[in-house]
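Notes follow the structure.
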Amino acid sequence: MPALHIEDLPEQEKLKLEVEQLHKEVKLQRQQVSKCSKEIKNYIKEHSGEDPLVKGIPEDKNPWKEKGSCVIS
Amino acid sequence: MSELDQLRQEAEQLKNQIRDARKACAEATLSLRLHTTLTQGHLAKIYAMHWGTDSRLLVSASQDGKLIIWDSYTTNKVHSIPLYSFWVMTCEYAPSGNYLACDGLDNICSTYSLKTGEGNVHVSHELAGHTGYLSCFQFLDDNQIVTSSADTTCACGALKRASRQPPFTGHTGDVMSLSLAPNTRLFVSGACDASAKLWDVPKGMCRQTFTGHESDINGICFFPKNNAFATGSDDATCRLFDLRADQELMTYSHDNIICRITSVSFSKSGCLLLTGCLGVTDDGMVVATGSWDSFLKIWN
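Chains L and X are the protein sequences, given in the same order.
full-length UniProt numbering numbers the first residue of the first sequence as 1 and each following residue consecutively.
full-length UniProt numbering numbers the first residue of the second sequence as 1 and each following residue consecutively.
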């Protein structure tokens, strides 16, 4: 199915689609920023203890650590 | 009043209603501590790369027209796959590790089967339909892939049937990237019209539109929990948007960063937002960055 190119439509059709979409979006039940922010902060606090990029990785458990070179003495 | 004028007026009124509803919810501001760049020197142009879900194998598209799969533990090349096109915008691993997908100038998404048992890798499926270059894609599973394109649409295709759902239309600029929500059939897209949109795959519709950026959105990434996402833009800022508040929670910018942000990725807990051209493994252990100095680097 060919893609519908919005920019190829006449102005009227574009506006009708835009208004249709805005009608859907205006009905959304929105939550308070304070509540949403708190939930995000709490999630981060709960999980950052287990985040390897935050707490670091012990050398012996790190498969990507630089390998030493062999030295013949 | 002509119908055109009436429609314009109606659109304006609806936008004002939405703006007022958002303001009514914005009684607080989020402040998070901003880490400065972990990966300096990689604020360069897009270089196609992606981690496999085993957090060990990594695929990259090199400038001489090859897809290379690396074992990041040993730095050995596991596969080197010649492509038909020298210009690859994006490459992606299926969650199972059985398939790779990449695009080409022909606007086709080609998938490569990696577990053929014959030792060599070949094209297994091709998905056409977009009329502009493919900027990004993500596998929902081994058979379904969501794609975004410069033709301003996104699409969900079934690879085995080589068919697509009707495209997700609504953006008015090239769609530059997308990110699947963890554990749901939703995804967000970021486009050159400076907006991000939340799409419902089964229903085939746009649920929400997020504005705020002042220029093209190049990178987008869901927060580890599927109620927020971050974007990176040509306006040199990253922003955090919340789905339930239906608006931007925070803008991240730094005086030292004046160039476009091409890619964003969250660390496993969501504590860190990394920007540049990069990917964080599923287990959160490392970040890989790619740049046009042709090096892939692994950081932790």
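Glycine included, every Cβ here is placed at the ideal spot set by N, Cα and C.
Close to chain L, meaning a Cβ-Cβ distance shorter than 8 Å, are the following residues of the segment 218 to 229 of chain X: Phe223, Pro224, Lys225, Asn227 and Ala228. Secondary structure within the segment 11 to 60 of chain L: the alpha helix (DSSP H) runs of 4 or more consecutive residues, fully enclosed, are 11 to 26, 33 to 48 and 52 to 55 (chain order). Using a Cβ-Cβ cut-off of 8 Å, Ala94 of chain X does not count as an interface residue toward chain L, since no Cβ of chain L sits closer than that to its own. Asn226 of chain X sits in coil when the DSSP states are folded into three classes, being neither helix nor strand. Across the segment 33 to 55 of chain L, CB contacts with chain X closer than 9 Å involve Val33, Ser34, Lys35, Cys36, Ser37, Lys38, Glu39, Ile40, Lys41, Tyr43, Ile44, Lys45, Glu46, His47, Ser48, Gly49, Glu50, Asp51, Pro52, Leu53 and Val54, in sequence order along the chain.
Within chain L, no C-beta atom comes less than 7 Å from the C-beta of Lys23 of chain X; the nearest is roughly 10 Å away. Contact annotation for Glu20 of chain L against chain X: no contact, minimum CB-CB distance about 10 Å [criterion: below 7 Å]. For Leu159 of chain X, the nearest beta carbon of chain L is not closer than 8 Å to its own beta carbon. The continuous beta strand (DSSP E) containing Asp71 of chain X extends over residues Lys66 to Asp71.
In summary, His122 of chain X is exposed, with fewer than 16 beta-carbon neighbours lying within 10 Å of its beta-carbon over all protein chains present. Straight-line measurement puts the Cα of Thr172 of chain X at about 31 Å from the Cα of Leu83 of chain X. The beta carbon of Thr209 of chain X falls within 8 Å of a beta carbon belonging to chain L, placing the residue at that interface.
When CB distances to chain L are screened at a threshold of 9 Å, the residues of the segment 240 to 254 of chain X falling below it are Leu240, Asp242, Leu243, Arg244, Ala245, Asp246, Gln247, Leu249 and Met250, in chain order. For Lys38 of chain L, the number of other beta carbons within 10 angstroms of its own is below 16, and it is reported as exposed. Rounded to whole angstroms, the separation of the alpha carbons of Met1 of chain X and Cys136 of chain X is 43 Å.
In the structure shown, Ala194 of chain X falls within a coil segment according to DSSP collapsed to helix, strand and coil.
Under the Cβ distance rule, Glu126 of chain X does not count among the residues neighbouring chain L, no pair being separated by less than 8 Å. Going by beta carbons, Ala236 of chain X and Thr211 of chain X fall outside the 8 Å limit. A check of alpha carbon separations from Leu114 of chain X across X:Leu57, X:Gly65 and X:Ser72 identifies X:Leu57 as the nearest. If you ignore the 5 residues before and after Val78 of chain X, its C-beta comes within less than 6 Å of the C-beta of Ile69 and Asp71, all in its own chain and listed in chain order. Residue contact with chain L for Arg19 of chain X: absent (no Cβ-Cβ distance below 8 Å to any residue of chain L). Ranked by Cα distance from Phe241 of chain X, the first of L:Pro52, L:Gln31 and L:Pro58 is L:Gln31. With fewer than 16 neighbouring CB atoms inside 10 Å of its own CB, Lys160 of chain X falls in the exposed class. For Cys136 of chain X, the closest Cβ of chain L is not nearer than 8 Å. In the three-state DSSP reduction, Ile18 of chain X falls in the helix class (H, G or I). Taking 9 Å as the upper bound on Cβ-Cβ separation, chain L lies near residues Thr169, Gly170, His171, Thr172, Met205, Cys206, Arg207, Gln208 and Thr209 of the UniProt repeat "WD" (168 to 209) of chain X. By the Cβ neighbour-count rule, Ser263 of chain X is buried, with 16 or more other Cβ atoms within 10 Å of its own. Within chain L, no residue has its CB atom less than 7 Å from the CB of Leu58 of chain X, the nearest being about 11 Å off.
One Cα belongs to Arg185 of chain X, the other to Asn226 of chain X, and the distance between them is close to 11 Å. Identification of chain L residues near Gly270 of chain X by a Cβ-Cβ cut-off of 9 Å yields Ile40, Tyr43, Ile44, His47, Ser48 and Asp51, ordered along the chain. For the options X:Ser233, X:Pro224 and X:Arg239, the alpha carbon positioned closest to that of Asn42 of chain L is the one of X:Pro224. Pairing Thr209 of chain X with Gly219 of chain X gives a Cβ-Cβ distance that is not under 8 Å.
For Ile261 of chain X, no beta strand (DSSP E) segment is defined, and its DSSP state is neither H nor E. By the CB criterion at 8 Å, Ser269 of chain X and Glu50 of chain L fall inside the cutoff.
When secondary structure is reduced to three states using DSSP, Asp8 of chain L falls in the helix class.
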